[in-house]
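With the working numbering applied, the sequence shown covers 1177 to 1446. Virtual Cβ for every residue (Gly too), placed ideally from N, Cα, C. Quantities reported herein were computed from a predicted structural model and do not represent experimental measurements. Report on the structure given below.
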Amino acid sequence: MLYSYQKATSEVPSPGKVIPRYLKILPTLVSSLGMGLVASVVWPMASYNLSLRAIEDGGRGNLLSPIIYESFASEGDLSSDSEPILIADVDYTRASNWFTFSPAEAGSAPLPGQSQFINLNGQPTAPINLPVSEQQYLLAIPSLGIKEAAVRADTDDLTKSLIQYQQTAFPGEAGAPVIFGHSTLPQFFNPKNYLTIFSTLPNLKLGADIFVDYAGVKYTYRVSKMYEVKPNEFWVLKQDYNKKILKLITCVPPGTKLRRLVIEAELIKT
1177 MLYSYQKATS EVPSPGKVIP RYLKILPTLV SSLGMGLVAS VVWPMASYNL SLRAIEDGGR
1237 GNLLSPIIYE SFASEGDLSS DSEPILIADV DYTRASNWFT FSPAEAGSAP LPGQSQFINL
1297 NGQPTAPINL PVSEQQYLLA IPSLGIKEAA VRADTDDLTK SLIQYQQTAF PGEAGAPVIF
1357 GHSTLPQFFN PKNYLTIFST LPNLKLGADI FVDYAGVKYT YRVSKMYEVK PNEFWVLKQD
1417 YNKKILKLIT CVPPGTKLRR LVIEAELIKT
């Protein structure tokens, strides 16, 4: 094999080692892609918290001020400076794990991997027994692209449906059906996938309509309040039998399980 040597010049500083143009921009493309992926994860959480900060500073938004929902929390036995209780290895695809036991009841808390409903006073409870036909219905939120989502009250498996929390009222009754839905980062939202179905719930606007088809009757609820609670603030499950409202709950900030977003809607039409 013959070899030849070429002298480097200002025009050709590296003779025989010319790097193709597409390879020169490859590191930049890879770096940009990596930064874009990081931003797609961080931005939903950052923008959500910025919207909360704007409310605290007197800006306008859809969420109630934290000062307002702290007044609701005073109905329970929780101190205003209590922090969320985080339990390792909790299966958040089980609706019964979304609200934790208070420290005083820690000995009664379920073991990791297990699930246990708590009643409206925060005590462990057994599932209620009703005919299956009376524990399943459909929910639609047209403004979010959610159509005929199944809601079940006879299970707590969020991978297969939305879940109505045990012992809360059914649609049309005095009180409030409390419906849990799983969420993740908003870019993964799919209204037909129950693991992502409530990913865009923070985007719901005041005045938006929610439709429920239960036991052959169609109900229309209109969004009136949006606020956050901590995982140990189970007072939000309690029923006010002087009203007929609906509560939707998911985890926030987007992609995390730190707090619970609560949407309240008033019954306006049957």
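Check your understanding: Would DSSP call Gln1343 helix, strand or coil?
Key -> coil
Check your understanding: Quick one: Cα of Leu1371 to Cα of Asn1418, how far?
Key -> 33 Å
Check your understanding: For Phe1364, which of helix, strand or coil comes out of DSSP?
Key -> helix
**Study point:** Inside the region 1387-1429 only - beta strand (DSSP E) runs reaching at least 3 residues
**Key:** Contiguous beta strand (DSSP E) elements confined to the region 1387-1429 occur at 1393-1405, 1421-1428, taking only those with 3 or more residues.
Exercise for review: Kindly indicate the opening and closing residues of the beta strand (DSSP E) around Gln1311.
Suggested key: Gln1311 -> no beta strand (DSSP E), and no H or E assigned at all.
Check your understanding: What residue does the beta strand (DSSP E) around Leu1377 start on, and which one ends it?
Key -> Here Leu1377 belongs to no beta strand (DSSP E), and DSSP marks it neither H nor E.
Check your understanding: What's the gap between the Cα of Pro1203 and the Cα of Gly1431?
Key -> 29 Å
Exercise for review: Report the rounded CA-to-CA distance for Pro1279 versus Ile1201, giving the unit in angstroms.
Suggested key: In this prediction, Pro1279 scores a pLDDT of 35, lower than 50, which makes its location untrustworthy; the coordinate-derived value is nonetheless stated afterwards. The C-alpha of Pro1279 lies about 56 Å from the C-alpha of Ile1201.
Review point. Relative to the alpha-carbon of Glu1324, which residue among Pro1367, Asp1332, Phe1356 has its alpha-carbon at the smallest distance?
Key: Checked all of Pro1367, Asp1332, Phe1356; the closest Cα to Glu1324 is Pro1367.
Practice item. Within its chain, find whatever has a CB closer than 6 Å to the CB of Gln1312; leave out the 5 residues flanking it on each side and keep chain order. Key: Arg1328
Practice item. Going by CA-CA distance only, name the one from Phe1374, Glu1409, Phe1346, Val1405 that's closest to Tyr1390. Key: Phe1346
Point to revise | Ala1384 in three-state terms, based on DSSP | key: coil
**Study point:** Length of the line joining the Cα atoms of Lys1401 and Leu1205
**Key:** 44 Å
Review point. When DSSP labels each residue in this structure, what does Gly1237 get in the three-state scheme?
Key: Model confidence at Gly1237 stands at a pLDDT of 41, short of 50, so the residue's coordinates are unreliable and nothing is read from them.
Review point. Are there 16 or more other CB atoms within 10 angstroms of the CB of Ala1271, so buried, or fewer, so exposed?
Key: buried
Review point. What distance in whole Å lies between the Cβ atoms of Thr1396 and Asp1385, which are believed to be in contact at a cut-off of 8 Å?
Key: 6 Å
Exercise for review: Give the single residue among Pro1407, Leu1422, Gly1357 whose Cα lies nearest to the Cα of Arg1398.
Suggested key: Comparing Cα-Cα distances from Arg1398 to each of Pro1407, Leu1422, Gly1357, the minimum goes to Leu1422.
Exercise for review: Work out the CA separation of Lys1414 and Asn1273 for me, nearest whole Å.
Suggested key: In a straight line, the C-alpha of Asn1273 is about 17 Å away from that of Lys1414.
Point to revise | Environment of Leu1209 [buried if 16+ CB atoms lie within 10 Å] | key: exposed
Exercise for review: Can you tell me which of the three DSSP states Gly1321 falls into?
Suggested key: coil
Exercise for review: Since I believe Leu1380 is in contact with Leu1320 (beta carbons under 8 Å), could you give me their beta-carbon distance rounded to a whole number of angstroms?
Suggested key: That belief holds up - the Cβ atoms of Leu1320 and Leu1380 are roughly 6 Å apart, short of 8 Å.
Check your understanding: Since His1438 sits in a beta bridge, which residues does DSSP pair it with?
Key -> Per the sequence presented here, residue 1438 reads as Val, with His not at that position. Beta-bridge pairing links Val1438 to Tyr1403, Ile1425.
**Study point:** Closest Cα partner of Phe1374 within the set Lys1394, Ile1317, Ala1441, Lys1445
**Key:** Minimum Cα distance to Phe1374 is reached at Ile1317.
Review point. Under a Cβ-count criterion, where at least 16 other Cβ atoms within 10 Å of its own Cβ denotes burial, should Thr1392 be classed as buried or exposed?
Key: According to the sequence provided, residue 1392 is Gly. The question's Thr does not apply to it. Its Cβ having fewer than 16 others within 10 Å, Gly1392 is exposed.
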